[in-house]
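Under my numbering, the first residue of the first sequence is numbered 117, with each subsequent residue one higher.
Step one of this worksheet: look at the structure below.
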Amino acid sequence: MHKDESGWRLASKKMADQSDLKIYWHTSAHILAQAVKRLFPEVKLGIGPAIEKGFYYDFFRQEPFTPEDLTRIEAEMRRITEENLPVIRQEIPKEEAKEILKDEPFKQEILEEIPEDLVIFYQQGEFRDLCQGPHLANTGQVRHFKLLSVAASYWKGDEKRESLQRIYGISFPEKKSLDEYLVFLEEARERDHRTLGQKLNLFSLHPEYGSGLVFWHPKGAAVRKVIEDFWRTVHLENGYQLLYTPHIADLTLWDCSGHTSFYRENMFPPMELDSGQKLQLKPMNCPFHILVYKNSRRSYRELPLRWAELGTVYRLEKQGVLHGLLRVRGFTQDDAHIFCTPEQLEEEIVGVIKLVCYFLSSFGFKDYRIFLSTRPEIYVGTRENWERATKALEEALKKQGLAYEIDPGAGVFYGPKIDIKIRDCLGREWQCSTVQVDFNIPERFNLTYVNQAGKEQAPIMIHRAILGSLERFFGVLIEHYKGNMPFWLAPVQCRVLPIADRHLPYARAIQEALKKEFRVEVDDRNEKINRKIRDAEEEKIPLMLIVGDREQKQKLVSVRWHGEGRQGSLPVDQLRELLEKKLACHE
RNA sequence: GCUGCUGUGGCUCAGCGGUAGAGCACGUCCUUGGUAAGGACGGGGUCAUGGGUUCGACUCCCAUCAGCAGCUCCA
């Protein structure tokens, strides 16, 4: 495995192992709240838990906290730790608790939700907070901490409720750990696909001409082509057929699919022609695939039909949620719809899951989480269908021996689903693969097939995407590899570096010898070899071939792999064999 | 969409109430150099947009647009 590949995974794992840190962080959050209360007595308290990496506390205050405020708060926290206040657990009758919290409206709201008569408080010095605990014994145990940022949040995560200010912080018993964490944050920034995308010239965004729209540069497009070619080949090998469908269709199609009622806020407004016809840019591909299905009468003999398309869709995402390649307004889904009989459902899901595992491992992903989302409160279809479909999804996961978590009530209204989430460099999870069983759309469009008894019957439809969207997947890939694309994916796989101008013809000959199978460039600039190497290294080109007098004379190339230094010399034919092997195993 | 911060040459950023600067990149020339930056010279910005305050605004204020962090929502 490449050294960079899972830097962030290791860092987060190391911390997760020390579950005591959660307690540590929780007490840190209390110290933060105490400091804020000392400096700004008018502030109302929200909640302040430990999170995966550190802690936060939510406050209600009219004025925003400034960076200077954070510095002051940090200084006050320092004082509180130096005071070494004992942290005392108290059990208090609810009535009394109400009196204590009379000036804390948010805490009161929490209090009212607690059924027990006795509630628990933790007190340190003059500060007392309604809290389950547990906590450290005294504030002096919190040694090294830093407030990282302040951002807005909603009370109870509800955008209709009050907007609070959330202060994030991190703390550790040892200075070394804090320093390491700050270095980790710095490295995460360097791994950011937006920075790397610019530096490596992979893609750009031009928000002044439309935010959330991606421009793939030649190098990004080269990677995309490899991904797409691989994707098509694998799908064809697995019994899929390819479809191409339009980007727009008459609005009535979307009325029929239910999108205009269930999905309107995410759709671009339709464009109206002189004739009065309204054409809608597609937010999803499924209605188009359905039209293809409906284009002829279907027999059970044809099923399952597996139709895949790299379909570009447009969704009007809210301004504030856009994020580099990971959340955009125009993207290409690696979509497919499987039409099958009820009997085939489970086997088809197993097939999809297998395919997901194959793809993710081909791209080097080993750290992902699988969620099984069950029936939400608002749903269509019968309970029996839901149970059957949920069971089919669950069985498929079990058959593949995959660990998964149940996400109760998180299914889509038309059916349950499996989501697979991959983490980015900052530990944020992004959904890529998704497998959804749909009862709704086949019914809405009145899809049928003729069964063995010669009767019409409704097929079951599976929506699935494996990479999710090419844009998001590319973004996650960049961060995963820190821009060091493995040989098979690298936009420029190999660059030939002639030592002096007189070696240019030989360098071109090497390029000719390899270019049929590999993406090869020649660095023909008037620069010293050190400079050429440095630039190639910075561009993260996997393979550098240095050619000078020695190589030319002996018909060799001097091989240097990215990040690994020189590896000796080889004849080109021998090198080609080596590279072919490397390609085949996706190294 | 909400809260806060930000918006200066292609990129990263400095700067200031009196009409702009660095590094990298780019161009020309010199140099032909063996495993991470050779040298010299040069071109390039109506300081996001629109209002306002002011004798004067890139600098202060307001609005809009966009970016960033987070919240909410999603592939």
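Glycine is no exception: its CB is placed at the ideal position from the N, C-alpha and C atoms.
Identify which residue in the options has its Cα closest to the Cα of residue i.
i: F529; options: L407, V553 and R282; result: V553
i: E559; options: E545, T498 and C548; result: T498
i: V551; options: E493, K470, K631 and L593; result: K470
i: L359; options: K394, R277, G392 and I406; result: I406
i: R188; options: L161, M383 and K262; result: K262
i: F288; options: H260, E302 and G467; result: H260
i: C247; options: Q257, L217, A267 and V663; result: L217
i: L476; options: T564, I454, L583 and K698; result: L583
i: A700; options: A268, L352 and S478; result: S478
i: H482; options: I534, E521, H596 and E500; result: Reading off the sequence shown, one finds Lys at residue 482, where the question assumed His. Of I534, E521, H596 and E500, the residue nearest in Cα terms is H596.
i: K656; options: E643, P602 and L672; result: P602
i: P575; options: N501, W332 and D371; result: N501
i: F455; options: E215, Y416 and K272; result: Y416
i: R676; options: Q670, Q668 and V663; result: V663
i: A652; options: R154, K315 and E190; result: K315
i: Q206; options: E192, F243, D219 and P183; result: F243
i: R647; options: Q670, S674, L694 and L613; result: L613
i: F447; options: C548, E220 and V152; result: C548
Alpha carbon to alpha carbon, what distance is there between residue j and residue i?
i: S320; j: Q150; result: 45 Å
i: F589; j: E459; result: 33 Å
i: V608; j: F300; result: 29 Å
i: Q393; j: D366; result: 7 Å
i: V444; j: S327; result: 8 Å
i: E232; j: K210; result: 8 Å
i: R277; j: F176; result: 12 Å
i: S279; j: K223; result: 15 Å
i: P658; j: L630; result: 15 Å
i: P399; j: L312; result: 29 Å
i: S144; j: R485; result: 29 Å
i: N562; j: Y474; result: 34 Å
Please state if the CB of residue j and the CB of residue i are separated by a distance shorter than 7 Å.
i: V330; j: H251; result: no
i: A581; j: D450; result: yes
i: I538; j: W546; result: yes
i: L441; j: G599; result: no
i: P172; j: R282; result: Strictly speaking, residue 172 in this sequence is Tyr, with Pro absent from that position. Going by C-beta atoms, Y172 is nearer than 7 Å to R282.
i: I645; j: I615; result: yes
i: G249; j: L148; result: no
i: V235; j: I196; result: no
i: G527; j: K533; result: yes
i: I364; j: L389; result: no
i: R413; j: N382; result: no
Give the DSSP-derived three-state secondary structure of residue i in the structure shown.
i: F181; result: coil
i: H702; result: coil
i: D665; result: helix
i: R348; result: helix
i: L186; result: helix
i: G273; result: helix
i: M577; result: strand
i: G374; result: coil
i: R417; result: helix
i: T361; result: coil
i: H333; result: coil
i: F404; result: helix
i: S478; result: helix
i: A268; result: strand
i: R310; result: helix
i: R125; result: Here R125 scores only 34 on pLDDT, less than 50, and its place in the model should not be relied on; the value that follows carries that caveat. Helix, per DSSP.
i: S549; result: strand
i: M193; result: helix
i: T428; result: strand
i: T448; result: strand
i: R154; result: helix
i: I594; result: helix
i: K315; result: helix
Is any heavy atom in the ligand NAP found nearer than 6 Å to the beta carbon of residue i?
i: T349; result: As far as ligands go, the structure on display features none, and thus does not contain the ligand NAP.
Could you check whether the stretch 621–637 touches the stretch 508–526, counting it as contact only if at least three pairs of C-beta atoms, one from each stretch, sit closer than 8 Å? no
Between the stretch 162–175 and the stretch 196–211, do three or more beta carbon pairs fall short of 8 Å? Taking a contact to require three or more Cβ pairs closer than 8 Å, the stretch 162–175 and the stretch 196–211 do not qualify as touching.
I want to know whether the stretch 290–299 touches the stretch 144–158 - three or more CB-CB distances under 8 Å. no
Count the CB pairs spanning the stretch 629–637 and the stretch 668–684 that are closer than 8 Å, and state whether there are at least three. no
Three or more C-beta pairs closer than 8 Å, one from the stretch 413–427 and one from the stretch 345–365: is that the case here? yes
Do the stretch 517–524 and the stretch 485–497 meet, that is, are 3 or more Cβ pairs less than 8 Å apart? yes
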